[in-house]
Amino acid sequence: MDKILHQPLGGNEMPRFGGIATMMRLPHIQKTEEKRELDVGFVGVPLDIGTSLRSGTRFGPREIRAQSVMIRPYNMATGAAPFDSLNIADIGDVPINTFNMAEAIRIIEEAYDEILELGIIPLTLGGDHTITLPILRAIKKKHGKVGLVHIDAHADVNDHMFGEKIAHGTTFRRAVEEDLLDCDRVVQIGLRAQGYTAEDFNWSRKQGFRVVQAEECWHKSLTPLMEEVRAKVGGGPVYLSFDIDGIDPAWAPGTGTPEIGGLTTIQAMEIIRGCQGLQLVGGDLVEVSPPYDTTGNTSLLGANLLYEMLCVLPGVQHR
Ligand code: MN
Ligand code: MN
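Below you can see the structure in the form of structure tokens.
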């Protein structure tokens, strides 16, 4: 039997503004036996109870899907043709408990255990950055410790937030403590603004992370940097975690904790395209908050960055 290859619904079959808005107008696959045929699954995690300032990321997955309807299959810049060789679908949202963080985290980990067990590479539509912790816990069980490419305005390595150990600003400290990361293969890009202390980013450096502060990225192409990043994080499985607030609020205002002086959308594409060749085992796009996204541009950007992630996954053919 030929391999099943789901295709995005074309713009001439149903108007792009019509129909049910799944990610990239792909089929919504729910049955376990059909999920087993998938190589890649887009997953929504509508969590926002881990945010510390402006909430609203619970609406992220829906709005990213709505803004993804114009994305066409072929990447005209890189030649990537993900739908020619991989079976890809939207596998829906994780039914988090919005009243109980501990429960929500447990539900997310369990959902990703199943997704990974089925052999699906998860590309996640967030949700606030708390969701990356349970995803990495599940990934560790499947792949062992991973390298990490983390794009963000913030290091997310706080010991606690308001006394809570699990929140969107503590994710990567917990990941280190729980031994989920191969710390010598971690890069954080886009960090900026003010710290609680002058040493905030040094905690990351002490773990062995390469920290690329936003100022190091200003006014230039990041393609040369990505050569260094590939050398640092390569040699094993890698996870890609993209906090949309890594991008400047001029392009991505719809987020909870915006910081000026951020990356451009072009640099974001250079970063993701620069991950080509890495052994990526999953990725997420987090912190899109539609209530603060009056034009829809932040969700549009998020949808396109998820497409770019899809294009650099192992096994994608190029034309
Ligand atoms: Mn973050
Ligand atoms: Mn952030």
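This note's numbering puts the first residue of the sequence shown at 1, with every later residue one more than the last. Here a beta-carbon is modelled for each residue, glycine too, at the ideal position from N, C-alpha and C.
For H160, the shortest separation between its Cβ and any heavy atom of ligand 1 does not lie below 7 Å. Near ligand 2, meaning a Cβ closer than 5 Å to any of its heavy atoms, lie the following residues in chain order: D152, A153, H154, D243, D245. Cβ contact annotation for C275 (same chain, cutoff 7 Å, sequence separation greater than five): V149, L240, V312, in chain order.
Per DSSP, the beta bridge partners of R210 are V187. Put simply, of I266, L305, G119, R16 the residue whose alpha carbon is nearest the alpha carbon of G283 is L305. Taking 7 Å as the cut-off, the C-beta of D184 does not count as close to any heavy atom of ligand 1.
One alpha carbon belongs to A21, the other to A198, and they sit about 45 Å apart. Annotation for H154: no alpha helix (DSSP H) segment contains it, and DSSP assigns it neither H nor E. When the five nearest sequence neighbours on each side are left out, the beta carbons in the same chain lying within less than 6 Å of the beta carbon of Q207 are those of V176, C183, in order along the chain. Checking the 7 Å criterion, the Cβ of D293 is out of range of every heavy atom belonging to ligand 1. Boundaries around D284 are those of the beta strand (DSSP E), 279 to 286, since no alpha helix (DSSP H) includes it. Shortest gap from the CB of D48 to any heavy atom of ligand 1: 7 Å or more.
Relative to ligand 1, D156 has its C-beta within less than 7 Å of a heavy atom.
Per DSSP, the unbroken alpha helix (DSSP H) holding P134 starts and ends at 132 to 143. Relative to the non-hydrogen atoms of ligand 1, the Cβ of E287 comes within a distance shorter than 7 Å of at least one. Taking the Cβ of H28 as the reference point, every heavy atom of ligand 1 lies at 7 Å or farther away. Its Cα nearest to that of F209, the residue L191 stands out among D293, C217, Y196, L191.
Between G302 and I64, the C-beta spacing is below 8 Å. Counted as a single uninterrupted DSSP element, the beta strand (DSSP E) harbouring F242 occupies residues 237 to 243. By a beta-carbon distance limit of 8 Å, G147 does not contact P224. Their separation comes to about 20 Å. Bounds of any beta strand (DSSP E) do not take in L9, whose DSSP letter is neither H nor E. In the DSSP assignment, F83 falls outside any beta strand (DSSP E) and lies within the alpha helix (DSSP H) extending over 82 to 85.
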